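Residue numbers (this note's numbering), protein chains in the order written: chain A, 1 to 114; chain B, 115 to 228. Heads up, the beta-carbon is just placed ideally off N, CA and C, and yes, glycines get one too. The structure displayed is predicted, hence computed values, not measured ones. Written out below as structure tokens is the structure these notes cover.
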Amino acid sequence: AQSVTQLGSHVSVSEGALVLLRCNYSSSVPPYLFWYVQYPNQGLQLLLKYTTGATLVKGINGFEAEFKKSETSFHLTKPSAHMSDAAEYFCAVSSYSSASKIIFGSGTRLSIRP
Amino acid sequence: EAGVTQFPSHSVIEKGQTVTLRCDPISGHDNLYWYRRVMGKEIKFLLHFVKESKQDESGMPNNRFLAERTGGTYSTLKVQPAELEDSGVYFCASSRGMGLHGYTFGSGTRLTVV
Chain A
1 AQSVTQLGSH VSVSEGALVL LRCNYSSSVP PYLFWYVQYP NQGLQLLLKY TTGATLVKGI
61 NGFEAEFKKS ETSFHLTKPS AHMSDAAEYF CAVSSYSSAS KIIFGSGTRL SIRP
Chain B
115 EAGVTQFPSH SVIEKGQTVT LRCDPISGHD NLYWYRRVMG KEIKFLLHFV KESKQDESGM
175 PNNRFLAERT GGTYSTLKVQ PAELEDSGVY FCASSRGMGL HGYTFGSGTR LTVV
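Structural data, given as structure tokens:
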């Protein structure tokens, strides 16, 4: 079975500050890990993904995440927040054997203070 | 290429009525998925089509929900009769392969049952 825990349903940072959204997963098989973002009134957009290979993955809009197997984590970071980053972010897990079914976390709403 | 299209974007119906949601996947994407987010909770898998066949419908909550994908193109999700707890956002997604690298999601249909 697989599961995802996102720590913090709401995170608020100042513009220009570091963004850190936390995600821990549980998986009995090698995980595929994703971060999706939902901007207001839009669908889910894939930010970045880890399948195999390099553990530090870079995504769109300056975001990156690092797969840490020993910590079962896949935290999302961005060095400098921009007002346009305000959105809801979802961490998700899948695997080769269950590729048709992505398990999502409960989401973290990111607010940016001017 | 055009994205995944869902309509209606919003639907408000009374308890006991029937509602049909439609999803048009990206052209050429054999795999089509339905997910749902009930208010404040996780986004959860409902089912997966490969072309016109249901590959996995383990997430369908009960027999009031019927999904079809005739001809392997667009898909419909019918709720009959609708109950209050069916309110939420219904997302459709598609992928060319098995979705190992993530899907493309539509913007969702917000269903409100009153």
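Taking the alpha-carbon of Ser-100 (chain A) as reference, which of B:Arg-183, B:Asn-145, B:Pro-195 and B:Val-203 has the nearest alpha-carbon?
B:Asn-145
Spell out the partners DSSP gives Val-37 (chain A) in its beta bridges.
A:Gln-45 and A:Tyr-89
Within 7 Å (strictly less), CB to CB, does Leu-46 (chain A) reach chain D?
Judged by its chain identifiers, the structure shown contains no chain D, and its protein chains are A and B.
How long is the line joining the alpha carbons of Lys-69 (chain A) and Trp-35 (chain A), rounded to whole angstroms?
16 Å
Minimum C-alpha distance to Pro-122 (chain B) - residue among B:Asn-176, B:Thr-223 and B:Val-228:
B:Thr-223
Who are the near neighbours of Glu-166 (chain B) in its chain, counting only those whose CB is closer than 8 Å to its CB and skipping five residues on each side?
Arg-183, Thr-184, Gly-185 and Gly-186
Since Ala-65 (chain A) and Thr-52 (chain A) should fall inside the 8 Å C-beta cutoff, what is the C-beta to C-beta distance between them, to a whole number of angstroms?
15 Å between Cβ atoms; not a contact.
Taking C-alpha atoms, which residue in A:Ser-106, A:Ala-92, A:Val-13 and A:Pro-40 lies nearest to Leu-47 (chain A)?
A:Ala-92
In the DSSP output, what is Arg-183 (chain B) paired with across the bridge?
Beta-bridge pairing links Arg-183 (chain B) to no other residue.
Tell me the residue span of the beta strand (DSSP E) that contains Arg-150 (chain B).
145–151
Return the CA-CA distance between Glu-156 (chain B) and Gln-6 (chain A), expressed in angstroms with no decimal places.
11 Å
Going by other Cβ atoms of all chains shown within 10 Å of its Cβ, with 16 needed for buried, is Ala-196 (chain B) buried or exposed?
buried
Using DSSP bridges, identify the partner residues of Pro-31 (chain A).
A:Ser-95
Over the uninterrupted beta strand (DSSP E) stretch that includes Glu-66 (chain A), give me the two end residues.
64–68
Give me, in chain order, the residues of the same chain whose beta-carbon lies closer than 6 Å to that of Leu-180 (chain B); leave out the 5 immediate sequence neighbours on both sides.
Lys-192
Reference Pro-40 (chain A), options A:Glu-88, A:Ser-94 and A:Ser-98, closest by Cα:
A:Glu-88
Mark Thr-108 (chain A) as exposed unless 16 or more other C-beta atoms lie within 10 angstroms of its C-beta, in which case mark it buried.
buried
Give the secondary structure of Leu-112 (chain A) by DSSP, where H, G and I count as helix, E and B as strand, and everything else as coil.
Contrary to the premise, residue 112 (chain A) reads as Ile rather than Leu in this sequence. Strand at Ile-112 (chain A).
Measure from the alpha carbon of Ser-73 (chain A) to the alpha carbon of each residue in A:Leu-33, A:Val-19, A:Ser-14 and A:Ser-12, then state which is nearest.
A:Leu-33
Please list the residues of the segment 180–214 of chain B that have a C-beta atom closer than 7 Å to any C-beta atom in chain A, keeping them in chain order.
Phe-205, Met-212, Gly-213 and Leu-214
Any C-beta of chain B sitting closer than 7 Å to the C-beta of Gln-42 (chain A)?
yes
Is there a Cβ of chain A sitting closer than 7 Å to that of Ser-221 (chain B), yes or no?
yes
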